[in-house]
Amino acid sequence: DTGVSQNPRHKITKRGQNVTFRCDPISEHNRLYWYRQTLGQGPEFLTYFQNEAQLEKSRLLSDRFSAERPKGSFSTLEIQRTEQGDSAMYLCASSFGVQVGSTDTQYFGPGTRLTVL
Amino acid sequence: KNEVEQSPQNLTAQEGEFITINCSYSVGISALHWLQQHPGGGIVSLFMLSSGKKKHGRLIATINIQEKHSSLHITASHPRDSAVYICAVEPGEYSGGGADGLTFGKGTHLIIQP
Chain A
3 DTGVSQNPRH KITKRGQNVT FRCDPISEHN RLYWYRQTLG QGPEFLTYFQ NEAQLEKSRL
63 LSDRFSAERP KGSFSTLEIQ RTEQGDSAMY LCASSFGVQV GSTDTQYFGP GTRLTVL
Chain B
50 KNEVEQSPQN LTAQEGEFIT INCSYSVGIS ALHWLQQHPG GGIVSLFMLS SGKKKHGRLI
110 ATINIQEKHS SLHITASHPR DSAVYICAVE PGEYSGGGAD GLTFGKGTHL IIQP
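From first to last, the protein sequence lines are chains A and B.
If you use the working numbering, the first sequence corresponds to residues 3 to 119, in order.
If you use the working numbering, the second sequence corresponds to residues 50 to 163, in order.
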């Protein structure tokens with residue numbers, strides 16, 4: 003399967019713990035996005051990368067959140083000192099996106115569902 | 050404020066009916082996306098359009114840039130079309146955006162009964 007993959011699919015953690023999620027985009031896709039979706043709502047943009055450069059961060063991304071894409075391939079999203087309000091589905095998407103400013107179809111992964119107890 | 054508004058929020062119809070889902074947005078955009086989300090979270094991109102009309106099988110998407118409005122139509126609806134349909138926009142260059150992430154509507158929950 004050459005689609006976008008995310009691991010783990012589910013994560014249950016206790017408040018205050020750190021968690022890390024991984025996203026593997028479609029190979030040769032230059033652009034990678036992270037979104038968060040809470041129950042009954044549409045997804046919300048968190049951040050995106052053009053290759054290894056993190057070009058945009060939403061105000062939703064507090065200091066407890068950090069994302070990396072060190073070699074321009076896979077990406078990780080870490081949440082430190084988790085809070086119950088962090089419980090959500092974390093979605094990753096990738097697109098071809100050769101040029102900054104271009105628009106392309108985004109391909110979504112299955113998501114990582116985080117539950118903070 | 051929500052920059053992307055969808056209607057209706059919920060829609061139940063009988064198999065075979067013609068379905069229309071509407072999306073209105075308030076910012077200048079570079080593109081509009083229609084997405085389908087099934088229970089369990091998986092999101093599939095249906096259309097990306099910046100003008101006119103696109104058709105794929107029984108699905109048709111239209112956009113009116115001047116009126117900041119788009120519609121998604123499903124012809125000859127089938128129970129397997131049951132899903133949440135989400136409209137999302139990419140802010141345009143002069144809306145403080147660029148190649149930003151998408152801004153999503155809350156989705157339309159569609160149920161097609163046999």
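All C-beta atoms, glycine included, are put in the ideal place defined by N, C-alpha and C.
Computed from a predicted model, the values in this text were never measured in an experiment.
- When secondary structure is reduced to three states using DSSP, G101 (chain B) falls in the strand class.
- By the Cβ rule, the segment 66 to 77 of chain A does not count as touching the segment 69 to 86 of chain B, because fewer than three pairs are nearer than 8 Å.
- If you ignore the 5 residues before and after K13 (chain A), its C-beta comes within less than 8 Å of the C-beta of V21, F23, T114, R115, L116 and T117, all in its own chain and listed in chain order.
- Closest option to C72 (chain B), judged by alpha-carbon separation, among B:R107, B:G65, B:Q58 and B:P140: B:Q58.
- Around the beta carbon of L62 (chain A), fewer than 16 other beta carbons lie within 10 angstroms, which makes this residue exposed.
- With its beta carbon at least 9 Å from every one in chain B, S64 (chain A) lies outside the interface.
- The Cβ of S96 (chain A) sits no closer than 9 Å to any Cβ of chain B.
- DSSP places D26 (chain A) within a strand segment (E or B) once states are collapsed to three.
- At least 9 Å separates the CB of D26 (chain A) from every CB of chain B.
- The beta carbon of E70 (chain A) sits no closer than 9 Å to any beta carbon of chain B.
- The shortest CA-to-CA distance from P45 (chain A) to any of A:T105, A:G99, A:A90 and A:H31 is the one to A:A90.
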